[in-house]
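Position one of the sequence shown corresponds to residue 428 (the working numbering), numbered consecutively onward. Data block below; observations after.
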Amino acid sequence: SHVERMFASLSYWKGLDLRADEWRERYPSLNLWFDSLEKRECYRAFQSDYYTHVMDIPPQYGPGYDGGFEEERRRMQRNILGKDGKSWSLPLPHDDPLQPLYRGPPLPLCALESAGIAPDSDGTYQSADPDVMARACRQIA
């Protein structure tokens, strides 16, 4: 979606992670829209990632002026590009702090159900056991 691309571009070019708690309070409707969209299996099937949005698609929001977020911009760029010393290092963590995977169904519902993985009360899978989730991923691969 265009909003998905906007969030990635703002993170990379401006250092603004609008999904972080400090911005969630300021822009609750955008985050509610994303949160509800990420609970839909049909969206999760084609959801993109920040790297693809900022590196493989010509930028729409950058580089422009930094607006006073220069340090945040550098930190986000290092994270997205895998140059922060944490992201893109093996073994990969079961979740990503920049783009958490368990906001909605991370796998087709039938794969989750067959592995005995149920959603949390808020519809996310944040409390799912990473080992069980990894086995479910391997089963459908």
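Virtual Cβ for every residue (Gly too), placed ideally from N, Cα, C. If you're wondering where the values come from, they're calculated on a predicted model, not measured in any experiment.
Q | Contacts around ILE400, its chain only, beta-carbon distance under 8 Å, and the 5 residues preceding and following it disregarded | A | Residue 400 lies beyond the range of the chain shown here (428 to 568); nothing can be said about it.
Q. Under 8 Å between the Cβ atoms of ALA447 and TYR477?
A. no
Q | Burial state of PHE461, where buried means 16 or more other Cβ atoms lie within 10 Å | A | That one is buried.
**Q.** Under 8 Å between C-beta atoms of ASP547 and SER541
**A.** no
Q) For ALA472, which three-state DSSP category applies? A) coil
Q. Between ILE484 and ARG432, which are expected to be in contact by the criterion C-beta below 8 Å, what is the C-beta distance as a whole number of angstroms?
A. 7 Å
Q: Report the residue from SER516, LEU517, TRP515, LEU525 whose alpha carbon sits nearest the alpha carbon of MET503.
A: LEU525
Q | Three-state secondary structure (DSSP) of PRO455 | A | In the structure shown, PRO455 sits in a helix (DSSP, three-state: H, G or I).
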